[in-house]
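Chains as they are written, first to last, in the working numbering: chain G, 1 to 112; chain R, 113 to 225.
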């Protein structure tokens with residue numbers, strides 16, 4: 001069946017612009033996670049959704065980062081006024097609660 | 113807080129060599145343990161898991177045993193192939209630590225023919 005789908009696969013933008021990253025989880029998975037993977041920092045947790053609510057936003061690095069999930073399915077991660085340090089691969093994962101997480105291929109974000 | 117420590121790479125091996133990637137963890141409670149693999153340009157794939165002490169996870173010739181007494185979950189393979197070249201991440205999940213996986217920093221494996 002279809003896995004976790006993320007778009008775009010690559011995004012290059014200028015510093016100060018806003019970007020939106022999309023995640024389509026595996027059908028039926030109620031839990032959805034965003035992580036950031038950057039050189040030297042490894043994999044960092046950003047935010048967790050259960051259904052449409054986000055009980056754990058503890059990993060969002062600043063108020064420039066926000067995320068939403070609608071219909072218990074698609075999620076969008078938005079970064080406002082991008083900075084060069086936001087350059088990274090943004091990974092989305094989904095799962096049934098308490099079960100292993102399945103990851104998408106990520107969005108590689110480059111801020112010029 | 114909970115954490116995962118894995119050996120730094122890169123690990124460079126010849127085909128058919130034995131592989132061990134060390135992973136140790138610190139956790140409250142009884143976490144589940146995972147190995148994920150990331151091939152170039154791809155996302156993370158679950159390689160194997162173990163949910164309680166003395167469980168052995170195995171897949172594709174890889175195996176790892178959950179050792180509570182040494183808080184370890186070392187990844188092993190008896191004979192590596194060129195196609196095993198990838199980055200390997202050890203991770204834990206604990207309901208007491210929150211909802212996210214906690215990852216080690218990853219170990220790059222390069223296998224040459």
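The beta-carbon is built from N, C-alpha and C at its ideal position, and this holds for glycine as well.
For clarity, every value in this text was computed on a predicted model and none was experimentally measured.
Contact between residue 91/G and residue 35/G holds, since their C-beta atoms are separated by about 5 Å, short of 8 Å.
With a threshold of 7 Å between beta carbons, residue 155/R makes contact with chain G.
The beta carbon of residue 178/R is closer than 7 Å to those of 145, 162, 164, 165, 166, 167, 185 in its chain, skipping five residues each way along the sequence. When 9 Å is used as the limit between beta carbons, residue 211/R is near these residues of chain G: 31, 33, 45, 48, 50, 55, 56, 97, in chain order.
Contact check for residue 116/R and residue 215/R: beta-carbon distance about 6 Å, within the 8 Å limit, so the pair qualifies. Residues are counted here when their Cβ sits less than 8 Å from a Cβ of chain R; for the segment 15–27 of chain G the count is zero. Along the segment 160–185 of chain R, the positions whose C-beta sits under 7 Å from a C-beta of chain G are 161, read in chain order. The beta carbon of residue 88/G is closer than 7 Å to those of 36, 37, 38, 109 in its chain, skipping five residues each way along the sequence. As the crow flies, the alpha-carbon of residue 57/G is around 42 Å from that of residue 224/R. For residue 138/R, the enclosing beta strand (DSSP E) covers residues 135–138. Using a Cβ-Cβ cut-off of 9 Å, residue 91/G is close to 155, 156 of chain R, given in chain order. Of all alpha-carbon atoms in 212/R, 206/R, 205/R, 200/R, the one lying nearest the alpha-carbon of residue 134/R is that of 200/R. Neighbourhood of residue 218/R in chain G, by CB distance below 7 Å: 42, in chain order. Using a Cβ-Cβ cut-off of 7 Å, residue 72/G does not count as an interface residue toward chain R, since no Cβ of chain R sits closer than that to its own.
Of 82/G, 74/G, 13/G, 17/G, the smallest CA-CA separation from residue 93/G is found for 74/G.
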